[in-house]
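Colleague: In case it helps, my numbering puts the sequence shown at residues 2 to 131.
After the C-alpha cells below, expect a handful of questions from me.
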Amino acid sequence: MPCTVLIVEDNELNQKLFADVLDARGYDTLRTAEGVAAFDLARAHRPDLIVMDIQLPTVSGLEVIRWLKDAADLAAIPILAVTAFAMRGDAERIYEAGAEAYMPKPVILSAFMDQVEALIGGKARRPDPI
Ligand code: MN
Numbered sequence: 002m003p004c005t006v007l008i009v010e011d012n013e014l015n016q017k018l019f020a021d022v023l024d025a026r027g028y029d030t031l032r033t034a035e036g037v038a039a040f041d042l043a044r045a046h047r048p049d050l051i052v053m054d055i056q057l058p059t060v061s062g063l064e065v066i067r068w069l070k071d072a073a074d075l076a077a078i079p080i081l082a083v084t085a086f087a088m089r090g091d092a093e094r095i096y097e098a099g100a101e102a103y104m105p106k107p108v109i110l111s112a113f114m115d116q117v118e119a120l121i122g123g124k125a126r127r128p129d130p131i
C-alpha cells in the first residue's frame, strides 16, 4: 500500500502543487484547507506524513500541530511545517509545537521532496509507471 500524505494548506495553488508532486512520486494524498478537518482526517486515515501550512483560516497550523502531538495515537506521525512570511523565531515556535521539519515558502520542490522522503524513510510508494 502506498504511503499517504495529508496536505493541510489553504492556498489552492500550493495545495495542488504539493499534491501533484507527491502524486507524481507515487504517494497518495489527502487534502484539506482547515485545521479542525486536518485533525479529523489524521485520526480517520492515519497518514504517514502531514504537510502543515501554518497560516490557516480558522485555527493556526501551530495549534493543530500541538493537538496532533498531544494525541497519543497521532503523535508519531511526522509533520513537515511550511510557512509564508517567515519571521525570526518561526522555526523555534514550529519546532517547539512539535513539528519534525520546517520549510519556509516559497518551497523549492526538489528540497520539499527530499524532506518528505527523509521523513517517510523509504516507506512504500506506487511503482513508477512503465
Ligand atoms: Mn496559508
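Beta carbons are placed, not taken as given, at the ideal position from N, Cα and C, and that holds for glycine.
Only a predicted model underlies this, so the values are computations on that prediction, with no experimental measurement involved.
Give the straight-line distance between the Cα atoms of Met104 and Ala87, rounded to the nearest whole angstrom.
Modeller: Their backbone Cα atoms lie some 9 Å apart in a straight line.
Colleague: Could you give the DSSP three-state label for Met114: helix, strand or coil?
Modeller: helix
Colleague: Could you round the C-beta distance between Met53 and Val9 to whole angstroms and report it? I think they count as a contact, below 8 Å.
Modeller: 5 Å
Colleague: Which residues share a DSSP beta bridge with Leu31?
Modeller: Leu7
Colleague: Less than 7 Å separating the beta-carbons of Asp29 and Thr5?
Modeller: Result yes, Cβ atoms of Asp29 and Thr5 sit closer than 7 Å.
Colleague: Would you say Asp11 touches the ligand MN, meaning its beta carbon is less than 6 Å from a heavy atom?
Modeller: yes
Colleague: Hey, Ala82 and Ile55: beta-carbon distance below 7 Å or not?
Modeller: yes
Colleague: Report buried or exposed for Asp74, applying the criterion of at least 16 other Cβ atoms within 10 angstroms of its Cβ.
Modeller: exposed
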